[in-house]
Structure formats: C-alpha cells, structure tokens
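The sequence shown runs contiguously to residue 88 in the UniProt record's numbering.
A virtual CB, placed ideally from N, CA and C, is assigned to each residue, including glycine.
See below for the structure under consideration.
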Amino acid sequence: MVIDVFGDERQDVFWIVGMGLTVRHATTLRPGAVYAGQSIPSLCGVSMKVPQPTPSGRVPSSKPVTDKCPECSGEATEANFVETTWDF
C-alpha cells in the first residue's frame with residue numbers, strides 16, 4: 001500500500017506587480033527568493049522584473065493595485081494553486 005503524505009499539499013502562486021506593469025501577474029517563483037531587477041516568468045508568459053524592496057516605514061507602491069491578469073487568474077484557478085498577494 002502506498003501512502004501519499006503530500007496528497008493535500010498544493011503549490012503556491014504569488015501575485016506581484018512587476019516593475020513598469022499596472023496589473024498583478026502570478027508566478028510560482030517566491031519573489032523574496034530572487035533579487036530585485038531579475039526577470040521572472042508569470043503563468044501567462046509575461047516576463048516581469050522583480051521590484052526593489054520598499055524602505056521600512058513606507059507603503060509599497062503596488063499595494064493599491066488589485067487588478068489581476070485574467071490569463072494568470074485562469075491558470076491559477078485551473079491548477080488549484082494557493083494564492084498569495086506579495087508586495088515589496
């Protein structure tokens with residue numbers, strides 16, 4: 001008998017606003033694990049540059065952006081990802 005101990009685990013997807021973009025795109029790469037300025041792929045294929053971290057005590061400029069890429073949203077829903085909104 002095979003027991004699947006990871007059966008209930010789902011992959012994470014992170015919604016970020018890449019540099020120069022006006023909507024959030026989803027990526028499976030943890031944004032905090034890559035350096036600022038690095039290009040990472042989104043679920044819809046858009047290449048995003050990771051923004052610089054916001055200085056302590058300030059609100060990230062991406063915080064009020066709530067619009068999500070419809071293509072990324074469809075991919076995330078279809079794959080049943082755990083979704084996290086990430087601001088720098």
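DSSP-derived helix/strand/coil call for S62:
DSSP, reduced to helix, strand and coil, places S62 outside both helices and strands of the structure shown, so it counts as coil.
According to DSSP, is V82 helix, strand or coil?
strand
From the DSSP output, which residues share a beta bridge with F14?
When beta bridges are read from the DSSP output, F14 appears opposite T27 and T84.
Taking 9 angstroms as the cut-off, decide whether the C-beta atoms of residue 122 and T77 are in contact.
In the structure displayed, the chain extends from 1 to 88; residue 122 sits before or after that span and is not available.
What three-state label does DSSP hand P55 in the structure shown?
coil
Alpha carbon of R10 to alpha carbon of Y35, nearest angstrom:
If you take the alpha carbons of R10 and Y35, they lie about 25 angstroms apart.
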